[in-house]
Amino acid sequence: MPKNSKVVKRDLDDEVIESVKDLLSNEDSSDDAFKKSELMVEDPEEKDADVEEGSDVEDERPAWNSKLQYILAQVGFSVGLGNVWRFPYLCQKNGGGAYLVPYLILLLIIGIPLFFLELAVGQRIRRGSIGVWNYISPKLGGIGFASCVVCFFVALYYNVIIGWSLFYFSQSFQHPLPWDQCPLVKNASHTFVEPECEKSSATTYYWYREALNISSSLSESGGLNWKMTICLLAAWVMVCLAMIKGIQSSGKIMYFSSLFPYVVLLCFLIRGLLLNGSVDGIRHMFTPKLEKMLEPKVWREAATQVFFALGLGFGGVIAFSSYNKRDNNCHFDAVLVSFINFFTSVLATLVVFAVLGFKANIINEKCVTQNSEKILKLLKMGNLSQDMIPHHINFSSITAEDYNLVYDIIQKVKEEQFDSLGLKSCQIEAELGKAVQGTGLAFIAFTEAMTHFPASPFWSVMFFLMLVNLGLGSMFGTIEGIITPIVDTFKVRKEILTVICCLVAFFIGLIFVQRSGNYFVTMFDDYSATLPLLIVVILENIAVIRIYGIDKFMEDLKDMLGFSPSQYYYYMWKYVSPFVLLCLLVATIVQMGLSPPGYNAWIEDTATEEFHSYPTWGMIVCISLMVLAVLPVPIVFMVRRCNLIDDSSGSLASVSYKRGRIIKEPVNLEGDNTSLIHGKSPSEVPSPNFGKNIYRKQTGSPTLDTAPNGRYGIGYLMADMPDMPESDL
Numbered sequence: 032m033p034k035n036s037k038v039v040k041r042d043l044d045d046e047v048i049e050s051v052k053d054l055l056s057n058e059d060s061s062d063d064a065f066k067k068s069e070l071m072v073e074d075p076e077e078k079d080a081d082v083e084e085g086s087d088v089e090d091e092r093p094a095w096n097s098k099l100q101y102i103l104a105q106v107g108f109s110v111g112l113g114n115v116w117r118f119p120y121l122c123q124k125n126g127g128g129a130y131l132v133p134y135l136i137l138l139l140i141i142g143i144p145l146f147f148l149e150l151a152v153g154q155r156i157r158r159g160s161i162g163v164w165n166y167i168s169p170k171l172g173g174i175g176f177a178s179c180v181v182c183f184f185v186a187l188y189y190n191v192i193i194g195w196s197l198f199y200f201s202q203s204f205q206h207p208l209p210w211d212q213c214p215l216v217k218n219a220s221h222t223f224v225e226p227e228c229e230k231s232s233a234t235t236y237y238w239y240r241e242a243l244n245i246s247s248s249l250s251e252s253g254g255l256n257w258k259m260t261i262c263l264l265a266a267w268v269m270v271c272l273a274m275i276k277g278i279q280s281s282g283k284i285m286y287f288s289s290l291f292p293y294v295v296l297l298c299f300l301i302r303g304l305l306l307n308g309s310v311d312g313i314r315h316m317f318t319p320k321l322e323k324m325l326e327p328k329v330w331r332e333a334a335t336q337v338f339f340a341l342g343l344g345f346g347g348v349i350a351f352s353s354y355n356k357r358d359n360n361c362h363f364d365a366v367l368v369s370f371i372n373f374f375t376s377v378l379a380t381l382v383v384f385a386v387l388g389f390k391a392n393i394i395n396e397k398c399v400t401q402n403s404e405k406i407l408k409l410l411k412m413g414n415l416s417q418d419m420i421p422h423h424i425n426f427s428s429i430t431a432e433d434y435n436l437v438y439d440i441i442q443k444v445k446e447e448q449f450d451s452l453g454l455k456s457c458q459i460e461a462e463l464g465k466a467v468q469g470t471g472l473a474f475i476a477f478t479e480a481m482t483h484f485p486a487s488p489f490w491s492v493m494f495f496l497m498l499v500n501l502g503l504g505s506m507f508g509t510i511e512g513i514i515t516p517i518v519d520t521f522k523v524r525k526e527i528l529t530v531i532c533c534l535v536a537f538f539i540g541l542i543f544v545q546r547s548g549n550y551f552v553t554m555f556d557d558y559s560a561t562l563p564l565l566i567v568v569i570l571e572n573i574a575v576i577r578i579y580g581i582d583k584f585m586e587d588l589k590d591m592l593g594f595s596p597s598q599y600y601y602y603m604w605k606y607v608s609p610f611v612l613l614c615l616l617v618a619t620i621v622q623m624g625l626s627p628p629g630y631n632a633w634i635e636d637t638a639t640e641e642f643h644s645y646p647t648w649g650m651i652v653c654i655s656l657m658v659l660a661v662l663p664v665p666i667v668f669m670v671r672r673c674n675l676i677d678d679s680s681g682s683l684a685s686v687s688y689k690r691g692r693i694i695k696e697p698v699n700l701e702g703d704n705t706s707l708i709h710g711k712s713p714s715e716v717p718s719p720n721f722g723k724n725i726y727r728k729q730t731g732s733p734t735l736d737t738a739p740n741g742r743y744g745i746g747y748l749m750a751d752m753p754d755m756p757e758s759d760l
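So, in C-alpha cells, the structure goes:
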C-alpha cells in the first residue's frame, strides 16, 4: 500500500471548465483569489485519502512532531495515579503475585484488542470521538458526546487531586516536614498534644485537619478551604497553559511529565531496597495466594482495572491517535503502550511495598520495644516468673524474633490471665496486611514512611512532584478527549474553547474544595465514570464490529497497516471482548446494588472514619451523574431516527476551503457500503437519489463520473449547496 495518496491535476476540456466557471460564479464576487484557484481532485486509482507531506491540500490538522512524542502522550494518559495507588492495593488484596495472572489474561482479552480498536478508528478517520462515531454510524453518534461528558466529570475531580499534590509539594520544602510530629496546643496552665492527632497519627491528622480541614458529613459544607482553592486554581492554570495550543504545546511537555515519574520510581526503588524491612514488604506483596484466583470478585476487579488503566472509552486515546499519519503502525503502539502500562504498575507496586515494608519494620520495632518494657514491669511486680524467659533473651536489645518467642511462651503459660496482661503480638505481616489505597496510601501511609527517610524533604518533594506529573499526563488526555471532538465537530477556535472549558471546570470544581469536598470527590469517583464508560465501550464495539462490519474493518486495517492483523483480534472483537464486557457490566450493576451507597466520614471527636449513607439529595446526584453521562446516546439516536435534524449533511462529503482550493473531507453515507478506510473508486460507490440535479452536464460534454459521492463529482455538488454544515450534528 502506498504511504501517501497523490493529488493530481486534471486537464479538463473546455466545456467542463465552463461549468466550473459557472459554479465559481456563485461564490462571492470579491473573492478574486478563489476565482483564480484550481480544482483539485483525487486520483481514483489511489486507495487512501492521505496527501503528500507538505501539500497545501492536507487539512490544517496538527501532527505529532515525532513518534516518541506520540507514544509518550499515550503512555502519559494511560499511566496515572491509579497505577501508583490502586494497582498495588488490588494486588495485595487479591492474592499478591497470583493477581497478576487474571490481570494479564484480561489485558490480552479486552485490554489490548479494545485499545487497538480505538487507536485504529481515531488514526484513520482523523477526528475526535464525536466525529469518529458519527462517521461510522450517525445513529450512534451519541457515543462521542457521552465520552465528552464522562471526560468532563472526571476532569472536575481529577484536577482536585493534582491540587492536593501541589499543596503537599509546596509544604515539603521544610525540615522537619510539617506532618512529622503532632502539633502542641498551649493553654493558660500547660502544653499538651492535639487530642485529634494523639488519637490517630501525625500524618492522618495533617491530611484531614491541616490539608482538607474536613467536615464531619457531606451535608455540612463548612465553606471553602482557601488553601485548596488556590491549589485548584494553580492546577487548572497549568492544564490550560499546557493545552491551549493542543498537541503543539502539550506534546513538548510530555517529554517531562511522562518520563519524570519513571526517574522518581526508580530512585525510590533503589533507595527503598537499601532500607530495613523492604524485602519483607516485597516478599509479602508477591507471595501468591492461588486460592484467590477462584473468586469471581478478583476477576471483576482485575477487568475493571485493565479497563480504566488504558483509558478506554474516554476519547483521549482516539483524540491522540487522530493526529497520526494514516499509515502509522497502531497495532505496535497498542501492544507497546499496554505493556508499558502493565510494567509501570508492577514497578510502582515494588516501590510501594518496599517503602511500606520499611514503615512496617519501624512500627514493628516500636511495638517490640513498648511490649518488652511491659514484660519487664510485669517481671518486677511478680506477675510473671523469670523462669519463663529463655536465658539468651536480652530485653535491652531484643529482636522481633526473640520477642515473639517470649510472647508465645507467656501466652501458653498464662493462658487464662493472658488478656489482662495487655501484651500485643508484633508481627510485621500483620502491619503489611493492612490494605491501603487511594489518598490513604499517597497522603497518609506513604507520607508517613517518608518522614523516616534520611533527607526526608528531598524525597517528599520528589514524590509529590511525581504525583503532579502523573496527574497532568492523564489530565492532558482527558481534556483532549473534550476539546478535540468539539473543535472537529463545531469548528470553534481551540484556544478559546480550552480557556472556557478550564474556567467552567474550575468554578464547578469549587464544590470539591469545600470542607466537605473530599466526600464529593468520592461520589464522583464512584458514580460518574465506571458504569457510563462500560456502556460507551460496549457500544463502540457494537458500532465497529456489528454495524460497520468486522470483515470490512479487518480489510481496512490491512490497507492501513500494510499487513493483515492476526485473526486473534477478529475473534476477540467479534465474540470474546463483547461477552467479557457484558459480564463486567452486569457484575458492576450487581456490585452497585449490593453495596450500600455511602462514604467514609472523618469524625473529629474520635479521630476515626465512620461510614455514612448518602442523604436523599446525595442519591439523586449519584443517579444524575450516571444518567447524564449516557443520556447523549439515546438522545442522538432518537434525533437521527426521527429525522429531527436535517440529515442531508450526512449524505454528502463536506468541503472546506483552503488557499483557494477545494478540499474533500469525506463523511459518512448512512447505509452505504463504502469502506471506512478503503478508498473506493467512483464506479464502486452507489449514488444517492436527489430531488434536483445540482450539476447538469452540458450536452456533448465528455463522460465524467459526477455521482454525488464520487471523487470527481464532489467539488461541483458541494459548491452549490447552501451553507452546508461540516458536522453531522
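Throughout the sequence shown, residue numbering follows the numbering used here, covering 32 to 760 in sequence.
Built from N, CA and C at the ideal position, the CB exists for glycine as well.
Query	Result
Same chain, Cβ closer than 8 Å to F291, five either side skipped, listed in chain order	L496, M497 and N500
Through-space distance from K170 to M669, alpha-carbon basis	8 Å
D582 beta carbon less than 8 Å from that of G159	no
As assigned by DSSP and simplified to three states, the class of G580	helix
Closest by C-alpha distance to W604, when choosing among A536, F299 and A574	A574
Per DSSP, the bridge partner or partners of V224	L215
Sub-8 Å separation of Y188 and P209 beta-carbons	no
Rounded distance between the beta-carbons of M316 and Q123, thought under 8 Å	6 Å
Alpha-carbon spacing of Q205 relative to L562, whole angstroms	43 Å
Top-ranked residue by Cα proximity to H423, from I542, L343 and L436	L436
Complete alpha helix (DSSP H) runs within the segment 548 to 595 (minimum length 4 residues, chain order)	548 to 558, 561 to 573 and 581 to 592
Nearest neighbour of V765, chosen from Q448, C179 and Y120 [CA to CA]	No answer is possible for residue 765: it lies beyond the span of the chain, which begins at 32 and ends at 760.
Beta-bridge pairing of I634 - partner residues as DSSP gives them	T639
Through-space distance from L463 to F374, alpha-carbon basis	22 Å
Member of T637, M657, R672 and G277 whose CA lies at the smallest distance from the CA of E225	T637
Whole-angstrom distance between M274 and P516, CA atom to CA atom	14 Å
Expected contact under 8 Å - CB spacing of S252 and R546 to nearest Å	7 Å
Segment limits, alpha helix (DSSP H) that includes S655	T647 to V661
Closest Cα partner of L472 within the set S97, Q100, I102 and L112	L112
C-beta contact flag for T234 and T478 at 8 Å	yes
Short Cβ contact (8 Å threshold) for N114 with V329	no
Close Cβ partners of N244 (< 6 Å) along its chain, the five nearest in sequence each way excluded	N256 and R546
Proximity of V163 and G173 at Cβ, strictly below 8 Å	no
P93 burial status per 10 Å Cβ neighbour count (16 or more: buried)	exposed
Unbroken alpha helix (DSSP H) run spanning V444, endpoints	A431 to V444
Residue(s) in a DSSP beta bridge with L255	Q545
Residues near I539 in its chain [Cβ-Cβ closer than 7 Å; skip 5 each side]	L187
Secondary structure, beta strand (DSSP E): runs of 3+ residues fully inside the segment 157 to 223	215 to 217
Pair within 8 Å by beta-carbon distance, F108 and S559	no
Distance between Q448 and S289 (C-alpha atoms, nearest Å)	58 Å
Beta-carbon proximity check, L296 vs A379, cutoff 8 Å	yes
Given 8 Å, three or more beta-carbon pairs between the segment 527 to 537 and the segment 279 to 287	no
Enclosing alpha helix (DSSP H) for E460 [first to last residue]	I459 to L463
Euclidean distance between Cα positions of R155 and V181	24 Å
Reduced DSSP secondary structure (H/G/I, E/B, other) of G342	coil
Whether F146 touches V348 by CB criterion (8 Å)	yes
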